[in-house]
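In my numbering, the protein residues as written are 66 to 310.
Okay, here's the thing in structure tokens:
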């Protein structure tokens with residue numbers, strides 16, 4: 066097994082960091098690697114904002130539901146879908162064309178691919194990190210805090226730093242559940258999901274912290290039946306990513 070595969074298979078979210086700061090040249094390497102991610106039509110429809118201001122971090126922490134690593138991580142990046150830049154440098158585009166779902170999906174994919182490259186690069190350099198989707202609890206507030214113009218939308222934050230601990234690896238779904246051949250077929254997955262629920266129940270019961278009685282299907286149910294940020298749609302429209310009805 067080569068070193069790249071080992072790195073990928075040992076991914077875990079890191080929320081606790083040492084006091085060691087990340088050198089500017091290391092950060093530059095990480096962002097350069099992020100920029101090498103695939104991009105639809107080479108538009109590169111994303112922007113990364115590094116948050117160093119302590120007051121801003123506290124505000125973002127509050128929006129994110131009090132996730133302490135937002136303020137304690139040496140590095141905090143905000144990944145944004147950005148159609149403002151390509152729109153700004155081409156005057157022939159009718160603004161009415163910008164509220165296009167395909168453009169939104171393209172920008173989200175570009176940002177997500179860049180973020181994954183950044184995280185892998187950081188891990189290869191001895192850092193760890195965690196992606197924070199909690200910033201979408203109030204995207205209007207985040208847009209205000211970061212002074213985001215129209216056609217720029219905050220998707221998630223990423224905390225980076227040198228790991229202070231090594232959390233347990235979280236088991237993934239069985240590969241046959243994820244990998245299909247030629248078409249979507251979920252006929253045979255019920256037994257595998259049942260077995261996986263038991264694996265996850267054991268994981269949650271035996272891990273070193275935040276022990277609880279839980280499993281994958283229960284977490285999916287909790288996720289799907291809870292309030293899921295319905296206001297995001299309105300903020301996307303206000304930001305020009307979706308057409309107003």
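Backbone N, C-alpha and C define an ideal beta-carbon position, used for all residues, glycine too.
Since the structure is predicted, the reported quantities are computational estimates derived from the model, not experimental observations.
Asked                                                                                                                              : Found
Does the stretch 112 to 129 come within contact of the stretch 250 to 266, defined as at least 3 CB pairs closer than 8 angstroms? : no
Going by DSSP, name the residue or residues bridged to residue 111.                                                                : 146
What residue does the beta strand (DSSP E) around residue 252 start on, and which one ends it?                                     : Note, residue 252: premise wrong, no beta strand (DSSP E); not H, not E.
Compare the Cα-Cα distances from residue 72 to each of 192, 171 and 303 and report the closest residue.                            : 192
Does DSSP put residue 139 in a helix, in a strand, or in coil?                                                                     : coil
Using the three-state DSSP reduction, which class does residue 82 fall into: helix, strand or coil?                                : strand
Please classify residue 204: is it buried, with 16 or more other beta-carbons within 10 angstroms of its beta-carbon, or exposed?  : buried
Grouping DSSP H, G and I as helix and E and B as strand, with all else coil, what is residue 239?                                  : coil
Does residue 285 pass the burial test, meaning 16 or more other C-beta atoms within 10 Å, or should it be called exposed?          : exposed
Any idea what DSSP makes of residue 222, helix, strand or coil?                                                                    : strand
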